[in-house]
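Written below as structure tokens is the structure these notes are about.
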Amino acid sequence: MAYWLVANPYAGNGQKNGEQWLKYLAEAGITEPERCDLLDQSWKHRVAPGDIVMVAGGDGSVNTGAGICLERNATLAVLPSGTANDFARNLALPEDPSALCELIRDNVAQDVDVAEFGEGMFLNVAHIGLGALPAKESSGAAKKLLGRFSYGVQALRRVNARRGFRAKIRCDQAFVSGRWLSVAVSNGAFFGGGNEIPQATANDGLLHVIAVKPRPLLQLLFTFFLVQLTGNSPKRTSTLVHLKGERCDILTSRPKTVAVDGDEAGKTPLHVVCRRHSLRVIGTSVVRTGDAATSQPGLK
1 MAYWLVANPY AGNGQKNGEQ WLKYLAEAGI TEPERCDLLD QSWKHRVAPG
51 DIVMVAGGDG SVNTGAGICL ERNATLAVLP SGTANDFARN LALPEDPSAL
101 CELIRDNVAQ DVDVAEFGEG MFLNVAHIGL GALPAKESSG AAKKLLGRFS
151 YGVQALRRVN ARRGFRAKIR CDQAFVSGRW LSVAVSNGAF FGGGNEIPQA
201 TANDGLLHVI AVKPRPLLQL LFTFFLVQLT GNSPKRTSTL VHLKGERCDI
251 LTSRPKTVAV DGDEAGKTPL HVVCRRHSLR VIGTSVVRTG DAATSQPGLK
């Protein structure tokens, strides 16, 4: 079994990349990992089944590493180094870097879901509408200065300027149609730097679709804080719709930008399928939101 250290020096504020993790890995006994450039993937063909690919970066970098692991039947290890780190939140990883590296050394792993669309995949969330704006606008100096809050700042800055878009949404047998401010298709339990998807986990075999209708800013904020405080979707609301299923299809009246795990990934229509327990990752449990139990065992 080989260890591969894949770093993105542009992740987060640029202060925490592969170099920062080398000392913790060495203390855990992983002294000579294969060091690779995320932008140059000529090395990926040397990754063997059972190897551990350690990704130091944000959600976009982790998404790329996950694709390599799926292709090569390797195990993904997340070294949180980005702005949002939402996928890492799903895994309830130790905050202590030394403890995390010990889990990697001991190959403590579990299986989580992957969302597939077209020829791509994502681990966290696909956004259409308002939620896709931060992927295009939260970058550079603003992203380094504000960190994960840059996503919310950019979204709120535009909320009053958006009238929404028309779309039809089908999730398994459920169907809704109307005008929407934002549609998010989540594979995990977190998005946008720690915002929670109600009653979701990264291994429940379901996609969670959160569709938000155009409403005044105060009404949107009230619904948002209600969801975050209670951990549940409102039973009756004129603002938010929450659907669950193994498949999701979104058809918009006009092509709309789709952003997955923080990066632009094409235009609508969007067709997503949840591939249950298809990715092996380092970690002992997954976080479950909106439930008295904060985690589910995932140890194999």
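Position 178 (the sequence shown) corresponds to 178 in our numbering; numbering is contiguous.
Glycine residues also receive a C-beta, built at the ideal position from the N, C-alpha and C atoms.
Mind checking who residue i pairs with in its DSSP beta bridge?
{"i": "D37", "result": "A7"}
{"i": "K244", "result": "H208"}
{"i": "K267", "result": "T257"}
{"i": "I128", "result": "V183, V258"}
{"i": "N195", "result": "F191"}
{"i": "D111", "result": "R280"}
{"i": "P353", "result": "In the structure as shown, the chain begins at 1 and stops at 300. Residue 353 is therefore absent and cannot be evaluated."}
{"i": "C69", "result": "In the DSSP output, where bridge partners are listed per residue, C69 has none listed."}
{"i": "M1", "result": "Answer is none; M1 lacks a bridge partner."}
{"i": "R163", "result": "Answer is none; R163 lacks a bridge partner."}
{"i": "I52", "result": "Y3, T75"}
{"i": "I169", "result": "V176, I250"}
Less than 6 Å between C-beta atoms, sequence neighbours within five positions excluded: which residues of the same chain meet that for residue i?
{"i": "V112", "result": "A202, N203, L279, V281"}
{"i": "S186", "result": "V125, I197, H208"}
{"i": "A56", "result": "A7, N17, G18, W21, L79, S81"}
{"i": "A174", "result": "L243"}
{"i": "A74", "result": "V47, D51, V53"}
{"i": "P97", "result": "Y24"}
{"i": "R35", "result": "L5"}
{"i": "R72", "result": "V47"}
{"i": "K168", "result": "S177, L251"}
Give the secondary structure of residue i by DSSP, where H, G and I count as helix, E and B as strand, and everything else as coil.
{"i": "W43", "result": "coil"}
{"i": "T289", "result": "coil"}
{"i": "S177", "result": "strand"}
{"i": "A88", "result": "helix"}
{"i": "V64", "result": "Looking at the sequence provided, one finds Thr at residue 64 rather than Val. Looking at T64 - three-state DSSP - the assignment turns out to be helix."}
{"i": "Q20", "result": "helix"}
{"i": "P97", "result": "helix"}
{"i": "I250", "result": "strand"}
{"i": "E116", "result": "strand"}
{"i": "R105", "result": "helix"}
{"i": "A74", "result": "coil"}
{"i": "Q15", "result": "Low local confidence applies: a pLDDT of 46 at Q15 is under 50, so the model's placement there is unreliable, with the coordinate-based value given in what follows. Reduced to three states, the DSSP call for Q15 is coil."}
{"i": "L146", "result": "Per-residue confidence for L146 stands at a pLDDT of 33, beneath the threshold of 50, marking its modelled position as unreliable; no derived number is given."}
Ordered along the chain, which non-local residues of its own chain (more than five positions away) have a Cβ less than 8 Å from that of residue i?
{"i": "I104", "result": "Y3, L25, A28, I30, I52, M54, A77, I282"}
{"i": "P269", "result": "D249, I250, L251, T252"}
{"i": "H277", "result": "D111, V112, D113, N203, G205"}
{"i": "P214", "result": "R162, R163, G164, R179, W180, L181"}
Our contact map puts residue i next to residue j with C-beta atoms below 8 Å; I'd like the distance itself, whole angstroms only.
{"i": "T83", "j": "G58", "result": "5 Å"}
{"i": "W21", "j": "L79", "result": "5 Å"}
{"i": "E116", "j": "V272", "result": "7 Å"}
Cβ atoms of residue j and residue i: under 8 Å apart, would you say?
{"i": "L70", "j": "V114", "result": "yes"}
{"i": "V286", "j": "N63", "result": "no"}
{"i": "K256", "j": "F190", "result": "no"}
{"i": "H127", "j": "A66", "result": "no"}
{"i": "G188", "j": "L123", "result": "yes"}
{"i": "V47", "j": "T284", "result": "no"}
{"i": "G245", "j": "C171", "result": "yes"}
For a cutoff of 8 Å on Cβ pairs, would you count residue i as touching chain B?
{"i": "S81", "result": "Included in the structure is just one protein chain, with no chain B present."}
Going along the chain, which residues of its own chain have a beta-carbon closer than 7 Å to the beta-carbon of residue i, five neighbours each way excluded?
{"i": "A161", "result": "Per-residue confidence for A161 stands at a pLDDT of 43, beneath the threshold of 50, marking its modelled position as unreliable; the derived number appears in the next sentence. Closer than 7 Å at Cβ, skipping near neighbours: no residue."}
{"i": "A265", "result": "G120, V258, A259"}
{"i": "F87", "result": "D59, V62, V78, L123, N124, G188"}
{"i": "E102", "result": "A28"}
{"i": "R275", "result": "D113, V114, E116"}
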